[in-house]
Amino acid sequence: MNLTDLVNPHILSQPVYEPGRPIEDVARELGLDPTGIIKMASNENPLGTSPKALAAMRKALDGAALYPDGGCIALREKLAARHGISPDQIVVGNGSNELLEMLGHVFLRPGDEVVMGAPAFIVYKLVTRLFGATPVEVPLRDHVHDLQAMAAAVTERTKMVFLPSPNNPTGTFNESEEMLGWVKGLPEHVVVVIDEAYVEYLEKEPDWSEVIATGRALVVLRTFSKIFGLAALRVGYGRMNAEIAALLQRSRQPFNVNAIAQAGALGALGDQEWVTSCRQSNAAGLQQLENGLSKLEIPFVPSVGNFVLAEVGDARGVFANLQGVGVIVRPVGVYGLPQWIRITVGNETQNERLLTELQRASIDQASR
Ligand SMILES: Cc1ncc(COP(=O)(O)O)c(C=O)c1O
């Protein structure tokens with residue numbers, strides 16, 4: 009028997025998602041002390057997790073013998089109050105990545121086209137392919153999503169459009185007014201997915217409530233992995249009209265979000281002061297990194313997120329040099345950017361260390 013004859017053909021060509029390297033893994037491979045390694049590769053929060061969220065999670069451990077609330081009732085109620093919508097307009101996922109997959113289950117079939125920017129968060133392409141649909145990639149213009157070109161790429165076969173704002177890996181965003189007008193102008197047979205994984209880093213968030221209320225097929229995703237500091241727990245959520253939410257609920261596992269994660273998300277939502285301080289710290293750290301890159305004459309894309317894309321030349325080489333001294337960044341060749349690395353904003357000391365090592369790594373590269 010030939011196993012590949014049994015396999016769905018699109019799985020055979022499906023790449024495996026490559027995450028930023030974990031600290032323990034790098035320490036083991038290179039014989040480094042893990043406590044001396046800093047990870048600036050996966051856009052996590054360098055300040056950790058809100059103390060209130062940590063306390064809530066510790067308490068939730070006492071209930072570990074019981075299944076979690078499969079409907080995430082308390083969390084959906086809190087999120088609904090926050091966004092001024094009803095709990096039945098919210099779906100919670102095991103990270104926002106799971107919501108991307110639920111969208112695939114509900115809407116995508118072989119033959120469908122899915123329009124997305126390039127480069128944009130790679131999981132859009134992976135999910136599209138996973139369901140046998142076809143990614144239609146529209147190049148960014150000056151590193152920003154080109155909404156006109158994306159609208160022009162929509163055909164009768166287009167089932168879904170992805171728009172991350174701010175975008176990963178570029179750190180750029182589209183203005184609210186422009187996005188709202190764009191969504192309204194897209195044909196109704198297209199499901200629009202706005203990914204707001206980094207929106208809390210912006211001074212002002214777009215308001216989608218009016219468009220969602222019109223019944224438009226629009227899903228707005230958010231995550232607790234970034235500013236809320238809960239990446240390890242895997243919680244994200246989507247806002248949408250109740251009809252779409254009911255469909256997504258059918259596609260998920262019965263207990264997709266664990267009890268500790270639900271408690272952590274509730275705790276994090278109750279600590280707005282902490283979120284505000286993380287936003288301020290990120291703004292200062294981003295400035296520090298961008299100033300440092302300018303001084304080193306390393307081109308970068310001005311960012312509004314918690315990371316910055318820098319053009320270092322031989323990005324794989326620079327990545328390896330940095331990793332060798334315990335600084336993990338993300339080379340982004342997989343995004344079609346072989347000369348660039350993506351650096352997550354760290355705390356002040358981490359940023360300083362990154363800049364010092366980057367200067368050394370770049371000199372090493374240049375002298376080869
Ligand atoms: C744009 C974007 N969307 C979604 C995600 C996934 O977030 P989660 O951890 O909630 O699955 C990421 C993670 O890096 C991201 O960059």
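Straight run, no breaks: the sequence shown in the working numbering ends on number 376.
We put the beta carbon where it would ideally sit given N, CA and C, even for glycine.
Distance, G244 Cα to E106 Cα: For the purposes of this step, residue 106 is taken as the residue at position 98 of the sequence shown. For the purposes of this step, residue 244 is taken as the residue at position 236 of the sequence shown. Approximately 8 Å, taken between the alpha carbons.
As assigned by DSSP and simplified to three states, the class of W216: In the sequence shown, the residue the question calls residue 216 occupies position 208. Of the three classes helix, strand and coil, the one that applies to W216 here is coil, per DSSP.
Neighbour flag for V309 against chain B, beta carbons, 7 Å: Any reference to chain B falls outside this structure, which holds one protein chain only.
C-alpha gap between E183 and A126, whole angstroms: Stepping through the sequence shown from its first residue, residue 183 is reached at position 175. Stepping through the sequence shown from its first residue, residue 126 is reached at position 118. In this structure, the straight-line span from the alpha carbon of E183 to that of A126 is close to 18 Å.
Heavy atom of ligand 1 within 6 Å of N105 beta-carbon: Working through the sequence shown from its first residue, we reach residue 105 at position 97. It does: the Cβ of N105 is within 6 Å (strictly closer) of some heavy atom of ligand 1.
Status (buried if at least 16 other CB within 10 Å, exposed otherwise) for N290: Within the sequence shown, the letter at position 282 stands for residue 290. So N290 counts as buried.
Chain-order list of residues whose beta-carbon lies under 8 Å from that of R90 (same chain, five-residue window excluded): Taking the sequence shown and counting its residues from 1, the one referred to as residue 90 is at position 82. Shown here for R90: same chain residues with a beta carbon closer than 8 Å to its own, the five before and five after excluded, namely L277 in chain order.
Residue span of the beta strand (DSSP E) that contains L83, given as start and end: Taking the first residue of the sequence shown as position 1, residue 83 is located at position 75. Counting along the chain, no beta strand (DSSP E) covers L83; the unbroken alpha helix (DSSP H) around it starts and ends at 81-91.
Between the CA atoms of V219 and G189 - distance to the nearest angstrom: Position 181 of the sequence shown holds residue 189. Position 211 of the sequence shown holds residue 219. Answer to the nearest angstrom: the Cα atoms are 10 Å apart.
From I306, A292, R350, K303, residue whose alpha carbon lies closest to that of L317: To locate residue 317, count along the sequence shown from 1; it is residue 309. Taking only the C-alpha atoms, the option nearest L317 is R350.
Distance cut-off 6 Å: P27 Cβ against heavy atoms of ligand 1: Residue mapping note: residue 27 aligns to position 19 of the sequence shown, counting from 1. Taking non-hydrogen atoms of ligand 1 into account, the C-beta of P27 is found less than 6 Å away from none of them.
N- and C-terminal bounds of the beta strand (DSSP E) containing P172: Position 164 of the sequence shown, counted from the start, is the residue given in the question as residue 172. Per DSSP, P172 belongs to the beta strand (DSSP E) from 166-172.
Whole-Å CB distance - V100 paired with R84, under 8 Å assumed: For the purposes of this step, residue 100 is taken as the residue at position 92 of the sequence shown. For the purposes of this step, residue 84 is taken as the residue at position 76 of the sequence shown. Taking C-beta atoms under 8 Å as the contact rule, V100 and R84 qualify, at a distance of about 6 Å.
R361 burial status per 10 Å Cβ neighbour count (16 or more: buried): Locating residue 361 in the sequence shown gives position 353, where the first residue counts as 1. Buried.
E32 to T12 span [Cα, whole Å]: Sequence index remark: in the sequence shown, residue 32 carries index 24 (1-based). Sequence index remark: in the sequence shown, residue 12 carries index 4 (1-based). Distance between the alpha carbons of E32 and T12: 34 Å.
Sequence-distant residues of its chain with Cβ nearer than 6 Å to G354 (five each side left out): Taking the first residue of the sequence shown as position 1, residue 354 is located at position 346. The answer, listed in chain order, is M48, P54.
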